[in-house]
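Accompanying notes for the structure given below.
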Amino acid sequence: MKRTVPLMIVMVGGILMMVQYFIPHQYSQVILDNYVEWAPIVGAFALILGVGSLTRLHTHKIRRKAKNWQYSWAVLIPLFGMPFFALIVPQSLGGGSEVHGVHDFLFMHIQVPIQSTMFSLLAFYIASAAFRAFRAKSALATILLLAAVIVMLGQVPIGDVLGKWLPNTGLWILRYPNLAAKRAIMLGVGFGMLATNLKIIFGVERNWLGGAGK
Amino acid sequence: MRINWIGIPAALILLMIPSLSAAQDSVENLTPTDDTVSEVVTEDAAAEETETQPVAGEPLLETDPGLDIPGMITVQDKPNNAGNQLVVTFEPAVNPEGIHCYNVYRRVIGEESEDTWNLVKVIPADEPSEFIDGYDPEYPIEPGILYEYKIASVSLEDAEYFGPVYGATVAAEGEWFHTDKVRLLIAASLFILLIFYYFGRAQRGAKMYLRPIAGIEAIDEAIGRATEMGKPILYVPGISTISDVATIASLTILGRVARKIAEYQTRIIVPNYDPIVYTVAEEVVKQAYLEAGRPDSYDQDSVFFLTQSQFAYVAGVNGIMMRDRPATNFYLGMFYAESLILAETGSLSGAIQIAGTDAVTQLPFFITTCDYTLIGEELYAASAYLGHEPKQIGAVKGQDACKAIVMSLITLALVLGILDLVANTHTLDWLRNLVTVSIVE
Numbered sequence: 006m007k008r009t010v011p012l013m014i015v016m017v018g019g020i021l022m023m024v025q026y027f028i029p030h031q032y033s034q035v036i037l038d039n040y041v042e043w044a045p046i047v048g049a050f051a052l053i054l055g056v057g058s059l060t061r062l063h064t065h066k067i068r069r070k071a072k073n074w075q076y077s078w079a080v081l082i083p084l085f086g087m088p089f090f091a092l093i094v095p096q097s098l099g100g101g102s103e104v105h106g107v108h109d110f111l112f113m114h115i116q117v118p119i120q121s122t123m124f125s126l127l128a129f130y131i132a133s134a135a136f137r138a139f140r141a142k143s144a145l146a147t148i149l150l151l152a153a154v155i156v157m158l159g160q161v162p163i164g165d166v167l168g169k170w171l172p173n174t175g176l177w178i179l180r181y182p183n184l185a186a187k188r189a190i191m192l193g194v195g196f197g198m199l200a201t202n203l204k205i206i207f208g209v210e211r212n213w214l215g216g217a218g219k
Numbered sequence: 023m024r025i026n027w028i029g030i031p032a033a034l035i036l037l038m039i040p041s042l043s044a045a046q047d048s049v050e051n052l053t054p055t056d057d058t059v060s061e062v063v064t065e066d067a068a069a070e071e072t073e074t075q076p077v078a079g080e081p082l083l084e085t086d087p088g089l090d091i092p093g094m095i096t097v098q099d100k101p102n103n104a105g106n107q108l109v110v111t112f113e114p115a116v117n118p119e120g121i122h123c124y125n126v127y128r129r130v131i132g133e134e135s136e137d138t139w140n141l142v143k144v145i146p147a148d149e150p151s152e153f154i155d156g157y158d159p160e161y162p163i164e165p166g167i168l169y170e171y172k173i174a175s176v177s178l179e180d181a182e183y184f185g186p187v188y189g190a191t192v193a194a195e196g197e198w199f200h201t202d203k204v205r206l207l208i209a210a211s212l213f214i215l216l217i218f219y220y221f222g223r224a225q226r227g228a229k230m231y232l233r234p235i236a237g238i239e240a241i242d243e244a245i246g247r248a249t250e251m252g253k254p255i256l257y258v259p260g261i262s263t264i265s266d267v268a269t270i271a272s273l274t275i276l277g278r279v280a281r282k283i284a285e286y287q288t289r290i291i292v293p294n295y296d297p298i299v300y301t302v303a304e305e306v307v308k309q310a311y312l313e314a315g316r317p318d319s320y321d322q323d324s325v326f327f328l329t330q331s332q333f334a335y336v337a338g339v340n341g342i343m344m345r346d347r348p349a350t351n352f353y354l355g356m357f358y359a360e361s362l363i364l365a366e367t368g369s370l371s372g373a374i375q376i377a378g379t380d381a382v383t384q385l386p387f388f389i390t391t392c393d394y395t396l397i398g399e400e401l402y403a404a405s406a407y408l409g410h411e412p413k414q415i416g417a418v419k420g421q422d423a424c425k426a427i428v429m430s431l432i433t434l435a436l437v438l439g440i441l442d443l444v445a446n447t448h449t450l451d452w453l454r455n456l457v458t459v460s461i462v463e
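Chains B and V, in that order, are what the protein sequence lines are.
For our numbering, add 5 to where a residue sits in the first sequence, where the first one is 1.
For our numbering, add 22 to where a residue sits in the second sequence, where the first one is 1.
See below:
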């Protein structure tokens with residue numbers, strides 16, 4: 006029962022969605038809309054479990070005085086502090102999620118800059134990854150290096166100054182060999198998805214059921 | 023539960039054939055032809071010229087002597103939708119001078135009050151006089167309801183000059199089959215049948231060869247390395263939701279990997295981005311420890327939810343990498359801009375890294391920074407490689423057969439296309455039409 010019921014739900018739901026894709030009728034759309042509406046409801050309940058998991062992990066660390074346990078406070082304080090200011094503290098005392106409140110201040114002046122900093126690291130990592138990738142160690146790596154130089158120069162104004170052939174060749178590389186390779190991967194991915202979906206719908210793949218799958 | 027794998031798809035296809043033909047028949051009846059173009063009914067034969075209330079102090083009539091009005095309006099049901107769209111075409115004014123735009127009003131036939139007219143579209147005078155009504159969620163088209171339209175020529179001063187009111191004789195109706203998806207249905211059915219054929223062959227015990235994939239073969243080695251070094255293994259299941267097939271593929275691999283980790287008595291860390299993925303991942307790892315006969319070794323804190331913020335998640339995972347120094351990092355699933363930040367940090371920490379994703383744009387980053395990368399479909403095949411279950415291997419062979427068909431078609435089309443080009447003819451246009459699939463909403 007523990008195994009059969011989820012498998013039946015998945016099988017019926019999966020086949021229904023497959024058939025639904027080919028039926029544009031309003032009744033079919035109602036079924037799809039209901040399915041789509043259910044997803045965030047399930048997600049909201051799962052979020053409670055998620056926050057519980059994070060809290061449990063860090064309270065364990067603090068209680069056990071595990072290595073680097075001090076950092077756990079840096080997780081727990083904002084985790085509960087932000088909703089505390091947004092939902093519990095009255096607006097007259099700087100609460101609420103409105104502009105100029107404490108929550109907004111913390112979000113705009115701490116969270117957003119930290120996230121921007123993380124994102125900006127990408128520029129440096131791209132440079133170091135490019136340096137590693139474009140070392141001409143072999144004939145193929147040299148071709149890759151040349152293609153990369155042409156494409157990159159073709160994308161910037163100086164490429165145009167160096168010669169019209171540079172942006173044109175760069176565009177050709179992007180449009181033909183590069184696009185062909187991307188499409189080949191996407192084709193394989195499409196078939197892989199199809200096979201994986203069929204395996205799940207018809208119960209061949211059951212690992213996602215966790216303990217109920219065996 | 024024993025299932026006849028060939029019987030199920032065969033029965034499905036058999037069931038679908040009559041319903042498909044019935045659907046096509048009904049579509050033929052519903053598809054608008056020249057005959058079904060609504061014969062519009064003129065309620066008010068004389069042109070109704072109405073002006074909006076002129077703004078006080080503005081001598082509107084003096085500066086605006088009047089505009090030509092639009093002509094006949096035709097309404098058609100838009101095919102292949104849920105009965106919530108109509109194609110409205112009107113004859114623009116013969117003399118467009120002074121017309122800034124056209125205001126299109128709609129109301130349900132039978133409503134008398136002037137307040138019931140809704141402005142559903144404003145069309146600039148120089149744009150085509152055809153539009154699809156029903157896109158605006160504030161004024162939806164209801165299936166089976168007849169509407170009437172009136173269109174006004176609008177001057178620069180916002181004065182409206184109304185044309186006649188036309189009532190549509192056709193209502194929007196939903197269709198039971200999307201006729202633009204016939205080729206897609208045929209291709210999908212063919213590929214599904216192929217995959218089931220190989221399922222069946224594998225079930226009957228046919229030996230099937232799978233080419234070795236370095237990334238998958240390295241998994242054992244990577245787990246062994248972490249065990250020898252006494253360091254944990256980090257498994258990142260991507261930052262997508264459970265509805266993403268790549269995430270599901272990642273979770274199936276997690277089950278296999280966690281089992282080996284449990285056997286080797288190594289520590290695993292699985293930080294999750296999505297709370298639903300977290301609950302599934304926790305169950306998968308717990309079950310893997312149980313199967314390995316080590317339920318007591320399962321650490322409740324090894325699988326946890328981190329955050330649903332992309333770069334906060336990256337910061338959290340990078341922190342784990344730098345503090346706990348895992349010997350092996352797995353990045354399997356769907357990744358976005360964070361892929362390179364994760365993989366570069368892992369590379370700096372000295373871990374052996376195995377990545378796999380179907381995100382084409384992130385693959386170069388993983389290939390550059392990781393020791394092994396599962397490219398696209400290899401991620402989906404990994405579960406079969408690790409499990410060695412016949413039906414799983416059958417699915418991989420089915421995929422390969424599908425690819426072989428597509429490759430043959432591409433090669434054939436390429437050769438014929440070149441011949442067509444050399445001969446300078448258009449004899450192969452039928453082939454292009456056959457394989458061209460229109461972009462469907």
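C-beta atoms are modelled at their ideal positions from N, C-alpha and C, and glycine is treated no differently.
Not a single CB atom of chain B sits nearer than 8 Å to the CB of V:F357. The C-beta of B:D38 has fewer than 16 other C-beta atoms within 10 Å across all chains shown, which makes the residue exposed. Judged by DSSP in its simplified three-state form, V:P114 adopts coil rather than helix or strand. Here V:I131 is actually not in contact with V:E164; their C-beta atoms are around 12 Å apart, not less than 8 Å. Along the segment 191–210 of chain V, going in chain order, the ones with a CB nearer than 7 Å to a CB of chain B are G196, E197, W198, F199, H200, K203, L207. For V:P293, the three-state secondary structure derived from DSSP is strand. By the neighbour-count criterion, in which a residue is buried when 16 or more other Cβ atoms sit within 10 angstroms of its Cβ, V:D137 is exposed. With its beta carbon less than 8 Å from one in chain V, B:W213 belongs to the interface. For V:L450, same chain residues with a beta-carbon under 6 Å away, outside a window of 5 residues either side, are L438, D442 in chain order. For B:A128, not one C-beta of chain V is nearer than 8 Å to its own C-beta.
Taking 8 Å as the cut-off, the beta carbon of V:L256 is found no closer than this to the beta carbon of V:Y407.
In chain B, no part has a C-beta under 9 Å from the C-beta of V:F112; the shortest such distance is about 26 Å. Beyond the five residues adjoining it in sequence on each side, V:K419 comes within less than 6 Å, by CB distance, of Y220, M230 in the same chain, given in chain order.
Contact between the segment 108–116 of chain V and the segment 136–154 of chain V is established, with three or more Cβ pairs separated by less than 8 Å.
In terms of beta-carbon proximity, V:Y402 lines the interface with chain B, with at least one pair separated by less than 8 Å. When DSSP assignments are scanned along the segment 159–243 of chain V, the uninterrupted stretches of beta strand (DSSP E) that are 3 or more residues long and fall wholly within it turn out to be 169–177, 182–184. Against chain V, a Cβ distance below 9 Å from B:R137 picks out S369, T390, T391. Here V:W198 is buried, its C-beta having at least 16 other C-beta atoms within 10 Å.
Per the DSSP secondary-structure output, V:N351 pairs in a beta bridge with V:L256, V:Q375.
Contact check for V:I91 against V:A115 passes: the beta carbons are separated by less than 8 Å.
From the listed residues V:A426, V:Y353, V:V444, the smallest Cα separation to B:A189 is found for V:A426. Restricting attention to B:F139, B:Q31, B:D165, the CA atom closest to the CA of B:A153 is found in B:F139.
At a beta-carbon threshold of 7 Å, the residues of chain B lying near V:D323 are L62, H65, ordered along the chain. For V:P317, the number of other beta carbons within 10 angstroms of its own is below 16, and it is reported as exposed. Look at B:F90 here: in three-state DSSP terms it is helix. Closer than 8 Å to the CB of V:V267 there is at least one CB belonging to chain B. For V:T274, the enclosing alpha helix (DSSP H) covers residues 267–286.
V:V97 carries a strand assignment under DSSP once its states are collapsed to helix, strand and coil. Note: V:C123 is bridge-paired with V:P146, V:V176 in the DSSP secondary-structure output.
At a Cβ-Cβ threshold of 8 Å, V:A417 and B:V17 do not count as neighbours.
Taking all protein chains shown into account, V:G277 has 16 or more neighbouring C-beta atoms within 10 Å of its C-beta and is therefore buried. Assigned with DSSP and collapsed to three states, V:Y407 falls in helix.
When DSSP states are grouped into helix, strand and coil, V:T395 belongs to the strand group. DSSP places V:D321 outside both helix and strand once states are collapsed to three, so it counts as coil.
In the three-state reduction of the DSSP assignment, V:D380 falls in the coil class. When beta bridges are read from the DSSP output, V:V130 appears opposite V:Y169.
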